[in-house]
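Report on the structure given below.
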Amino acid sequence: MYFKNPGIENTEKTIELAIKTAKERSIKHIVVASTKGYTARLLKDSGLDVTVITHVYGFKEPGKQEMPQNIIEELKGYGFKVYAGTHVLSGAERAISGKFSGVNPVEIIAHSLRMLGQGVKVSVEISTMALDTGLIPYGEDIIAIGGSKEGADTAVIIRPAHASKIFDTKIKEIICKPL
Numbered sequence: 001m002y003f004k005n006p007g008i009e010n011t012e013k014t015i016e017l018a019i020k021t022a023k024e025r026s027i028k029h030i031v032v033a034s035t036k037g038y039t040a041r042l043l044k045d046s047g048l049d050v051t052v053i054t055h056v057y058g059f060k061e062p063g064k065q066e067m068p069q070n071i072i073e074e075l076k077g078y079g080f081k082v083y084a085g086t087h088v089l090s091g092a093e094r095a096i097s098g099k100f101s102g103v104n105p106v107e108i109i110a111h112s113l114r115m116l117g118q119g120v121k122v123s124v125e126i127s128t129m130a131l132d133t134g135l136i137p138y139g140e141d142i143i144a145i146g147g148s149k150e151g152a153d154t155a156v157i158i159r160p161a162h163a164s165k166i167f168d169t170k171i172k173e174i175i176c177k178p179l
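Okay, so the sequence shown: first residue is 1 according to full-length UniProt numbering, each after it adds one.
Structure, rendered in structure tokens:
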């Protein structure tokens, strides 16, 4: 499915399509990007293994976590796993490019994925992060849900690879995304 525009207005439909696809294909794991908990909460009654990836500490303000602790605890109360760690498609390389006005290979990967949409880039990134931390199993198709700014507008079936082998990642199907 294609959405006319990116954004939060597509969140509920994206979640609905992701859950429906997971159940039809017997996919057990969903990885979702969420910074305020809104998108993640919509998966509460999905019956699936949900991993929530939020922004790294210091993303907006040094030493601070953007997602309030009470929201993290709420999501964990649903049985969700919540992870905040270095973004695999920026991380330390962003500091180098910012300091020296250049571009690094990992950022080229990120920008290349953005040709398919910000949500596709996010989906690859968060699924890799979840795999690298052992929150999802290796070698299985999962569904990853990302967005363009706020909410979700992209869902993909993906078989992520570890960051050290990111080019082995397989995007099997784009369930939905904005045009």
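Virtual Cβ for every residue (Gly too), placed ideally from N, Cα, C.
What you are looking at is a predicted structure, and each value in this text was computed from that prediction instead of being measured.
**Request:** Output the distance between the C-alpha atoms of Gly134 and Glu125, rounded to the nearest integer angstrom.
**Result:** 14 Å
**Message:** Between which two residues does the beta strand (DSSP E) holding Val32 run?
**Reply:** His29 to Ala33
Worksheet item: What's the gap between the Cα of Ala163 and the Cα of Ile96?
Response: Rounded to the nearest whole angstrom, the CA to CA distance from Ala163 to Ile96 is 19 Å.
Compute the Euclidean distance between the alpha carbons of Thr39 and Gly79, then round it to the nearest angstrom.
Approximately 15 Å, taken between the alpha carbons.
beta-carbon Lys60 near the ligand ADP non-hydrogen atom, thresh 7 Å:
This structure lacks the ligand ADP; in fact it carries no ligand of any kind.
| Bridge partner(s) assigned by DSSP for Ile175 | DSSP, once it has assigned bridges, lists no residue as partnering Ile175.
If you drop the 5 nearest sequence neighbours on each side, which residues of the same chain put their C-beta closer than 6 Å to that of Phe3?
-> Residues Asn10, Asp153 and Pro178 of the same chain have their beta carbon placed closer than 6 Å to that of Phe3, with the five preceding and five following residues left out of the count.
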